[in-house]
Every structure is written in C-alpha cells, then in structure tokens.
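When the letters of the sequence shown are read in order and numbered with UniProt numbering, they come out as residues 1 to 464.
Worksheet: the structure to be examined is printed underneath.
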Amino acid sequence: MGYLNTFPLSYKVQGLRIVIVGGGEEALNKARLVTKTTAQVVIISPQIEADFSGLSVTLIERDFIAADLDNTALVFVAEESAAADRAKVEARARGIPLNVVDVPAECDFYTPSIVDRAPLTVAISTEGDAPVLARLVRARIEAMLSPRIGKIARLAGGLRHKVESLIHDGAARRRFYEALVTSPAIEAAEAAGQGVSAAETLLAQHADTAHANGVVWLIGAGPGSEDLLTLRAQRLLQEADVIVHDQLVPDAVVQMGRRDAEQISVGKAKGHHSFSQAQINTLIVRLAKEGKKVARLKSGDPMIFGRAGEEIAALRKAGVPYQIVPGVSAALAAAADTATPVTLRKVSSGFVMATAHGADDGDLTHWAALAQSGLTLALYMGKSIAPDVAARLIEQGASPALPIGIVVNAGRADKSTYCGTLGTLAANAVAFADGPAIIFVGEAVEAGDWADAAQLTGMSFKVA
Ligand code: SAH
C-alpha cells in the first residue's frame with residue numbers, strides 16, 4: 001500500500017461562499033463542479049467571457065478586492081493577473097484553502113472527479129498522476145450506482161431515529177439498511193414518489209422479525225478472475241456476514257466481500273482435507289441458524305462438480321433457505337480462452353462435462369463412443385492422470401487421432417494451453433504448468449485457436 005500526499009475529506013461549504021477569480025473556460029469548469037454544492041458560488045473578473053448561464057452563480061464584473069473573501073470556504077484562481085495574485089495572497093493570509101488552476105505547486109488542494117448522487121458522493125483522485133484512469137474509474141462507478149441512490153440515501157438518513165427506536169440489535173439494523181438501499185422495490189417506489197411510505201413498510205417488516213433469519217447462497221465464483229463473477233454474485237458477496245470458500249477460489253475474489261465479513265476457508269485442495277464434506281454441511285447450517293447470511297463460494301459453477309447436491313440436501317433437511325447463483329464453469333472459460341466452439345454445426349452436436357477422476361471403464365466406454373460420434377468432452381479433475389485417461393479412452397474405442405486441447409488456469413491471466421491428439425497425450429508424460437486444468441477431447445477442438453499452445457511431442461495435430 002502506497003502513501004498519499006493528499007487526504008480526501010468532505011469539507012463543509014454550506015452557508016459559505018466559494019470564490020472563483022477568473023471568467024474564462026477554466027473558471028467555468030470549476031464553477032460546474034462547485035455548483036453541485038449549496039455554497040454561494042461567486043465569479044469575479046473584469047472579463048467574464050465564458051457562458052455561465054444555467055449555473056447558479058453570482059457574477060461580479062470587476063477586479064478582485066480583499067473583502068471578496070469574507071465568509072469564504074474555498075478560493076479558485078483561474079486567470080493570470082495582478083488582481084489574481086492579490087487574491088492568492090489574501091487567501092493565504094486568511095488561511096482559506098486555495099486552488100490555482102493548472103499550477104499544482106501553488107495549490108493547497110486538488111479537485112477530484114466526482115460521482116454525484118447527493119448526499120452520496122464518490123470522489124476519485126490519482127493526485128494528478130493518471131487523469132485517464134480516474135475518468136475510467138468514474139465511468140464504472142457511475143454505471144454501478146442507480147440515479148436514484150441519492151434519494152434512497154436521504155430516505156435512510158430521514159429514518160435514522162425511527163430505526164434506532166424500533167430495531168435495537170446492530171446487525172439487524174444493518175440488515176434493514178442493506179435491504180433499504182439494495183431493494184428494487186424501494187427504488188421503484190421512490191421513482192413513483194412513494195419512497196417514504198415504502199421505506200416505512202420495510203422498516204415495520206424488519207422490526208417485526210425479532211431475530212433475523214439466516215440464509216445460504218451457493219455462489220459460483222467463476223474460474224478465478226475477479227471480473228468473471230456475475231453482478232449478482234458480487235452483490236451477495238457484499239451482503240454476506242460470512243464467506244465460506246473453497247481452496248480453488250482465489251483470494252482476490254474472496255476479498256470482494258464486505259471487509260468485516262468473516263472468512264472461512266474449507267480447504268478441499270487436492271491432497272489436503274481441512275474440512276470433510278459432512279463438516280462443511282454442518283458448518284453452513286449452523287451459521288445460517290445463527291441468523292447469518294452465508295455466502296458459500298465455490299469455484300466455477302456451484303452445480304458442476306461442486307458437491308452442491310450434498311449441501312442443498314443438508315440445507316433442505318434443516319429448513320434453511322438457500323439460493324443458487326450460477327457461475328462461469330471452468331470448461332466454458334477454457335472454451336473462451338481458446339476460441340473453441342464446443343458445439344459446432346456438422347461437427348459437434350453436444351458437449352459433455354465429465355470427471356476424469358474416479359471414472360471407471362464403463363464411463364470411459366461411454367465417453368469414447370460420444371467423442372467418436374463428434375461430441376466434445378470436457379474432462380474435469382484429470383490433469384495428473386491425463387495420459388492414463390487418454391490411453392483408456394483409446395482402449396475403449398476412441399480414435400488416437402482425435403484432437404485434444406488442455407487449458408491450465410482457464411479464465412486467468414496465467415493460463416497455459418497444450419494441444420495434440422489422444423494418441424500423443426497417451427504416449428507422453430507431460431510436465432503441465434501448476435494449477436487446475438480442463439481437457440477437451442473431440443473434433444471441434446480443431447476449430448479453436450490453439451496457435452499459442454504448447455504442442456504435445458510427436459503429435460499430428462494441425463493448427464487451424
Ligand atoms: N465447480 C467448478 C469445478 C470444480 S471441480 C467449475 O464449474 O468449474 C475442480 C476442477 O475444476 C479442477 O480439477 C479442474 O478440472 C477444474 N477447474 C477449476 N478451475 C479451473 C480453472 N481456472 N482452469 C481450468 N480448470 C479449472
């Protein structure tokens with residue numbers, strides 16, 4: 001973590017003046033920014049050239065005089081003149097923070113980019129190092145925040161005393177506020193001018209539920225990049241009191257939860273068994289029964305090789321409410337990484353997600369036939385036994401010439417790819433990169449873009 005040379009804060013300007021010395025475009029830019037506040041904005045210059053119409057400002061068409069800074073919170077100097085220099089001296093003498101436009105060395109403060117959903121404000125600053133980045137970040141935050149979120153924040157503020165008197169438990173209060181600011185129903189009511197009554201109804205409901213009911217969300221975290229999560233997954237992670245996650249979910253994704261959320265790693269790394277499945281089932285049921293919102297975060301999609309079946313059964317049996325949030329499964333990330341259409345007209349009429357680990361001869365006979373008939377196989381949990389599985393598929397009738405492609409760390413920045421045929425895979429012990437892998441088998445693999453893939457030695461796979 002680096003250190004800041006400036007400190008962001010929210011500075012009171014209500015009832016005070018903000019003085020801008022200058023009448024050109026730069027003064028206008030600052031005026032646009034500071035007229036977002038309730039301060040009286042005063043423009044002073046003998047030459048007011050920019051068009052300030054539409055902004056609520058007081059125009060004073062003369063040189064600056066010292067008395068202009070009476071009752072003033074902030075000063076901007078946006079012109080070069082003797083009068084402007086006097087304004088700088090006067091601001092410093094009075095200890096009023098000063099911004100000299102485009103002269104960082106003379107500034108006491110800088111103006112950040114602002115996302116304005118008053119009273120909610122987000123200020124973005126890069127201390128002048130990367131204005132383009134600040135703009136991009138701002139655009140993302142703008143898209144994230146509903147235009148009505150400010151009104152809803154005001155609703156929350158207006159209800160504070162009522163909430164305190166009706167809900168005594170701190171966690172329950174937080175749940176009410178979370179529901180208030182995230183509920184689409186409240187937003188719709190606010191849009192229809194019914195925000196206050198909707199918020200009060202919601203408050204009454206929360207006050208009624210003496211103690212909150214827990215819930216478990218089985219959430220797909222995707223293949224391991226922060227931006228391959230769904231928006232719903234992100235939102236629920238932010239709401240969760242506890243995050244129970246597998247080893248395969250990278251830290252960066254777990255950290256997307258609330259900062260004060262409890263984090264429990266239940267291991268399940270290959271070869272490590274910190275929690276048995278039965279212990280995990282018991283854990284999530286217990287946490288929910290304590291009234292907590294539990295995010296059970298699983299890699300990829302929770303319903304695919306995620307032991308979701310057992311966890312859902314345990315939750316049903318215990319009467320705990322649950323919800324499933326889908327995620328991008330590893331095979332789909334691997335298909336995207338390599339531009340491999342796993343279904344392809346006239347080539348592959350289907351796509352099978354199967355586990356290599358624990359597959360018996362019956363399974364393999366079946367898959368060999370499917371692959372032979374054109375279907376694409378995506379084999380999970382097969383990296384360490386890849387040559388063996390390839391050899392067994394051939395024994396069961398799959399052609400050694402069938403194309404295969406392997407993606408290690410699919411969907412992540414550090415992915416590695418390998419291509420060849422079933423025959424070359426069967427014949428070689430490959431030193432794969434560290435990390436989980438998907439093995440594709442089938443004719444459609446050839447249609448992918450495997451140009452950067454490491455070629456398994458001795459293979460006859462042609463790159464499309
Ligand atoms: N629910 C997960 C699968 C969990 S089983 C999903 O839908 O993706 C674990 C197996 O998933 C690993 O052995 C590996 O085969 C695969 N896997 C998980 N993440 C992966 C990734 N980023 N790249 C390649 N394979 C991955």
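Ideal Cβ positions, reconstructed from N, Cα and C, are used throughout, including at glycine.
Inset, instruction - Specify the secondary structure class of glutamate 116 as computed by DSSP and reduced to three states. - result: First, the amino acid is wrong: residue 116 is aspartate here, not glutamate. Strand, per DSSP.
Inset, instruction - Return the bridge partner residues of tryptophan 217 from the DSSP annotation. - result: In the DSSP assignment, the residues bridged to tryptophan 217 are Ala295, Gln323.
Legend entry - valine 115 to leucine 166 span [Cα, whole Å]: In this model, valine 115 and leucine 166 are separated by some 33 angstroms (Cα to Cα).
Legend entry - Minimum Cβ-Cβ distance from alanine 437 to chain D less than 8 angstroms: No chain D is present in this structure, which holds just one protein chain.
Legend entry - Beta-ladder partner(s) of glutamate 262, from DSSP: In the DSSP assignment, glutamate 262 forms a beta bridge with Val242.
Inset, instruction - Pull up the distance between the alpha-carbon of leucine 438 and that of proline 387, whole angstroms please. - result: Before going further, note that residue 438 is isoleucine rather than leucine in the sequence given. Near 14 angstroms, if we compare the C-alpha coordinates of proline 387 and isoleucine 438.
Legend entry - arginine 296 beta carbon near ligand 1 (any heavy atom closer than 7 angstroms): Not so, every heavy atom of ligand 1 lies at least 7 angstroms from the Cβ.
Legend entry - C-alpha distance - alanine 240 paired with alanine 204, whole-angstrom precision: Between alanine 240 and alanine 204, the C-alpha separation is close to 22 angstroms.
Inset, instruction - Grab the span of the beta strand (DSSP E) containing proline 184 for me, first residue to last. - result: Proline 184: not part of any beta strand (DSSP E); member of the alpha helix (DSSP H) spanning 184-191, first to last residue.
Inset, instruction - Using beta-carbon positions only, say whether glutamate 311 and isoleucine 264 come within less than 8 angstroms of one another. - result: The beta carbons of glutamate 311 and isoleucine 264 sit no closer together than 8 angstroms.
Legend entry - Residue closest to glycine 405, alpha-carbon to alpha-carbon, out of Ala451, Arg392, Ala27, Ile152: The candidate whose alpha carbon is nearest that of glycine 405 is Ala451.
Legend entry - valine 328 versus valine 215: straight-line alpha-carbon distance, rounded: The C-alpha of valine 328 lies about 23 angstroms from the C-alpha of valine 215.
Inset, instruction - To the nearest angstrom, report how far apart threonine 338 and methionine 353 are at their CA atoms. - result: So the alpha carbons of these two residues sit roughly 17 angstroms apart.
Inset, instruction - Taking only runs that begin and end inside the UniProt domain "Siroheme synthase central" (119-144), name each unbroken alpha helix (DSSP H) of 4 or more residues, in chain order. - result: Counting only runs of 4 or more, we get 131-144.
Inset, instruction - Spatial neighbours of lysine 289 within its chain, please: CB distance less than 8 angstroms, with the 5 preceding and 5 following residues excluded, ordered by chain position. - result: Contacts found: Gly214, Ala318, Val320.
Legend entry - Integer-rounded CB distance, given that glycine 435 should sit under 8 angstroms from asparagine 409: About 4 angstroms separates the two Cβ atoms, so the contact holds.
Legend entry - serine 348 to alanine 308 span [Cα, whole Å]: If you take the alpha carbons of serine 348 and alanine 308, they lie about 29 angstroms apart.
Legend entry - Span of the alpha helix (DSSP H) around threonine 343: Element bounds for threonine 343: n/a, residue is neither H nor E.
Inset, instruction - Would you give the residue range spanned by the alpha helix (DSSP H) that arginine 316 belongs to? - result: Following the DSSP letters along the chain, one finds arginine 316 inside the alpha helix (DSSP H) bounded by residues 308-318.
Inset, instruction - Report whether the distance from the Cβ of valine 430 to the nearest heavy atom of ligand 1 is below 7 angstroms. - result: Result no, Cβ not under 7 angstroms from ligand 1.
Legend entry - CB of valine 101 within 8 angstroms of CB of lysine 88, strictly: No, Cβ-Cβ distance for valine 101 and lysine 88 is not below 8 angstroms.
Inset, instruction - Going by CA-CA distance only, name the one from Ala191, Thr343, Ala331 that's closest to threonine 355. - result: Among Ala191, Thr343, Ala331, the Cα nearest to that of threonine 355 is on Ala331.
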